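For reference, each letter of the sequence shown is one residue, going 1 to 338 in UniProt numbering.
We put the beta carbon where it would ideally sit given N, CA and C, even for glycine.
Note that this is a predicted model, so its numbers are computed, not measured.
Quick notes on the structure that follows.
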Amino acid sequence: MMLQSQLLCNFVQFAATDHILILNSAADPFVTLAQQRLAGGTLLLAEDNVATLGALAPGSSSSVMIDKTAFHNYILHHPAETVQVAVMNVLYQPGNVWMLYGLRTAAYALRTGGRLYVAGAKDRGILTVAKRMQELFGNVETVAMQKGHRVLCSTKRTAFPLEAVPDTALRIFADSKLDEGTQLLLSALTVKPVDRCLDIGCGAGYIGLHMARQASEGRVMMVDASLAAVDASQQAAEQAGLSNVQVLPSDGAQAVLDQQFDLVATNPPFHQGGIQTLEIAQRFIQQAARVLVPAGRLYLVANRFLKYEPTLHTYFQQVEEVAGNSRYKVLLATRPNP
Numbered sequence: 001m002m003l004q005s006q007l008l009c010n011f012v013q014f015a016a017t018d019h020i021l022i023l024n025s026a027a028d029p030f031v032t033l034a035q036q037r038l039a040g041g042t043l044l045l046a047e048d049n050v051a052t053l054g055a056l057a058p059g060s061s062s063s064v065m066i067d068k069t070a071f072h073n074y075i076l077h078h079p080a081e082t083v084q085v086a087v088m089n090v091l092y093q094p095g096n097v098w099m100l101y102g103l104r105t106a107a108y109a110l111r112t113g114g115r116l117y118v119a120g121a122k123d124r125g126i127l128t129v130a131k132r133m134q135e136l137f138g139n140v141e142t143v144a145m146q147k148g149h150r151v152l153c154s155t156k157r158t159a160f161p162l163e164a165v166p167d168t169a170l171r172i173f174a175d176s177k178l179d180e181g182t183q184l185l186l187s188a189l190t191v192k193p194v195d196r197c198l199d200i201g202c203g204a205g206y207i208g209l210h211m212a213r214q215a216s217e218g219r220v221m222m223v224d225a226s227l228a229a230v231d232a233s234q235q236a237a238e239q240a241g242l243s244n245v246q247v248l249p250s251d252g253a254q255a256v257l258d259q260q261f262d263l264v265a266t267n268p269p270f271h272q273g274g275i276q277t278l279e280i281a282q283r284f285i286q287q288a289a290r291v292l293v294p295a296g297r298l299y300l301v302a303n304r305f306l307k308y309e310p311t312l313h314t315y316f317q318q319v320e321e322v323a324g325n326s327r328y329k330v331l332l333a334t335r336p337n338p
């Protein structure tokens with residue numbers, strides 16, 4: 001168990017009948033502890049990752065009700081001031097905007113007298129979080145500290161002005177810029193008018209929407225494990241007036257493994273829980289090979305230091321770099337192995 005999770009389990013205080021809100025941290029071991037200790041209470045999981053939600057136990061037991069909802073639009077679907085305890089682990093937040101949205105959601109959801117607990121490491125920005133908690137709640141206390149990790153606690157003492165709370169976190173994607181790696185991929189991507197296309201890990205939708213404009217007689221499927229990304233991409237497709245696009249929540253390409261595509265494109269993430277990993281991209285590559293037709297093509301963009309070529313050679317007969325610079329490379333893999 002990670003140290004910050006251990007500290008949460010040891011220092012978060014709650015009653016058996018409390019309503020507890022978990023802020024985009026449903027994978028944390030604290031959730032299991034809360035399930036075991038609640039009796040007559042509610043565990044409300046506001047989560048962004050569909051894979052995490054899918055791995056959790058079913059909705060309720062005799063002693064605890066479990067409610068699952070999308071993190072990014074919690075405020076649209078749930079009333080204010082209904083929970084006694086809110087918990088967030090910084091480890092599971094992709095960036096500062098997510099953390100700030102989580103803090104504001106807690107301020108909205110907590111009853112007066114309710115407590116927000118946030119765990120995190122110094123090198124993951126917990127001191128900045130402490131400042132934001134002080135600004136929002138007027139108080140913050142360090143209830144545990146060990147080896148650079150802290151558990152912070154703020155108490156909601158007064159009502160929180162609702163106008164200070166954003167309705168959703170979709171501006172995370174609306175404000176996102178087209179990064180250099182994705183730009184390089186789009187410049188190298190060849191899309192035929194009749195292609196059946198798949199964008200794995202679609203994020204804000206830049207790649208999938210580009211393919212949809214080119215595949216005017218084909219179709220484009222966009223998938224992402226992030227519920228916020230799915231909503232953002234769906235909105236972007238509607239605003240662009242593209243009718244040949246479908247967006248689905250999916251752990252990798254899991255939701256479309258029964259379909260076939262001519263073209264797959266991806267800019268896979270290479271961090272999970274703050275740790276660099278090749279595992280996500282390796283899974284995307286394996287799934288791409290599975291859904292592509294025999295003459296199908298996979299375009300993948302990556303930082304130059306990431307060694308995806310061995311995995312590509314495992315699942316495809318031909319692999320080549322078709323674009324690149326000092327920071328990024330675009331790899332084209334064709335002829336998936338049967």
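(message) So, for residue 74: in the same chain, excluding its five sequence neighbours on each side, which residues have a beta-carbon less than 6 angstroms away from its beta-carbon?
(response) 46 and 105
(message) Taking its Cβ as the centre, do 16 or more other Cβ atoms sit within 10 Å of residue 10, making it buried, or is it exposed?
(response) exposed
(message) Since residue 16 and residue 39 should fall inside the 8 angstroms C-beta cutoff, what is the C-beta to C-beta distance between them, to a whole number of angstroms?
(response) 4 angstroms
(request) Return the CA-CA distance between residue 307 and residue 283, expressed in angstroms with no decimal places. (result) 14 angstroms
(message) Is it the case that the region 184-193 contacts the region 211-221, given that we only count it when at least three CB pairs across the two stretches are under 8 angstroms?
(response) yes
(request) Would you mind reading off the limits of the beta strand (DSSP E) that contains residue 294? (result) 292-303
(request) Assign residue 32 to buried or exposed, taking buried as 16 or more other Cβ atoms, counted over all protein chains shown, within 10 Å of its Cβ. (result) exposed
(request) Indicate whether the contact test is met: 3 or more Cβ pairs, each with one atom in the region 293-304 and one in the region 230-244, closer than 8 angstroms. (result) no
(request) Could you name the residues of the same chain whose beta carbon sits closer than 8 angstroms to that of residue 277, not counting the 5 residues immediately before and after it, in chain order? (result) 270 and 271
(message) Using a Cβ-Cβ cutoff of less than 8 angstroms, which residues in the same chain neighbour residue 147 once the five nearest sequence positions on both sides are dropped?
(response) 3
(message) With distance defined between alpha-carbon atoms, name the residue in 64, 76 and 5 nearest to residue 149.
(response) 5
(request) Check residue 134 in the structure and name its three-state DSSP category. (result) helix
(message) So within the region 36-96, which uninterrupted alpha helix (DSSP H) runs reach at least 4 residues, ignoring any that extend past its ends?
(response) 50-55 and 74-77
(request) Would you identify the three-state DSSP class for residue 270, choosing helix, strand or coil? (result) coil
(message) Distance check for residue 332 and residue 183, CA to CA, integer angstroms please.
(response) 15 angstroms
(message) Is the separation between the beta-carbon of residue 209 and that of residue 188 shorter than 8 angstroms?
(response) no
(message) Using 8 angstroms as the threshold, is the C-beta distance between residue 281 and residue 264 below it?
(response) no
(request) With DSSP as the reference, label residue 112 as helix, strand or coil. (result) strand
(message) Using a Cβ-Cβ cutoff of less than 8 angstroms, which residues in the same chain neighbour residue 96 once the five nearest sequence positions on both sides are dropped?
(response) 125 and 128
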